[in-house]
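Only one structure is covered here, and it is reproduced in the block below.
Next comes the structure, spelled out in structure tokens:
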């Protein structure tokens, strides 16, 4: 994957979700991706991770709005719904669900993307924060079947402590 995260994180992939091969995943802004082993209508569900150091004034809602705007540049019928602020004051998060249409292998495909935005503090300097976006993209028919895996995955994401989970950061896997 061609981009890096602003802060090393660790996570555990759901069982059966292998990491995507960089040459097989077309997303220049993704730091890490994994794919579901079963496809639906020629499209495999995927988990993707990206992140940034947002401007000081930017909120997670601002970043989520930006994500919707970027998706509207490349997909049709983008609808954002089910947005919720979750987490705590010390560890805020935001979730949203997007539905959209795109073309996969020459055929129109209705997709659903569940996004989670996490605001993580740097372990050495808690005043430095990074925004990490976790996304599940699946066909509308497959989304609910893989949503539990995504929720399990989200619960494992945290700043890198060297505890032995998948670790991903500014220098790739550790």
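Numbering (my numbering), first residue to last: 1 to 174. We put the CB at the ideal spot given by N, CA and C, even for glycine.
message: Taking DSSP's pairing of strands, which residues face residue 102 in a bridge?
response: 109
- prompt: Just how far apart, CA to CA, sit residue 108 and residue 8?
  reply: 37 Å
field: C-alpha distance - residue 157 paired with residue 63, whole-angstrom precision
entry: 19 Å
- prompt: For residue 105, does the count of other Cβ atoms within 10 angstroms reach 16, so buried, or fall short, so exposed?
  reply: exposed
- request: List in chain order: all unbroken alpha helix (DSSP H) runs of 4+ residues lying wholly within the region 114–164.
  value: 140–156
message: So the candidates are 4, 115, 87 and 151; which of them puts its Cα closest to the Cα of residue 99?
response: 115
query: Going by Cα to Cα distance, which pick from 68, 117, 90 and 48 is closest to residue 126?
result: 90
message: Can you tell me whether residue 43 is helix, strand or coil according to DSSP?
response: strand
- prompt: Can you tell me the Cα-Cα spacing of residue 76 and residue 151, whole angstroms?
  reply: 26 Å
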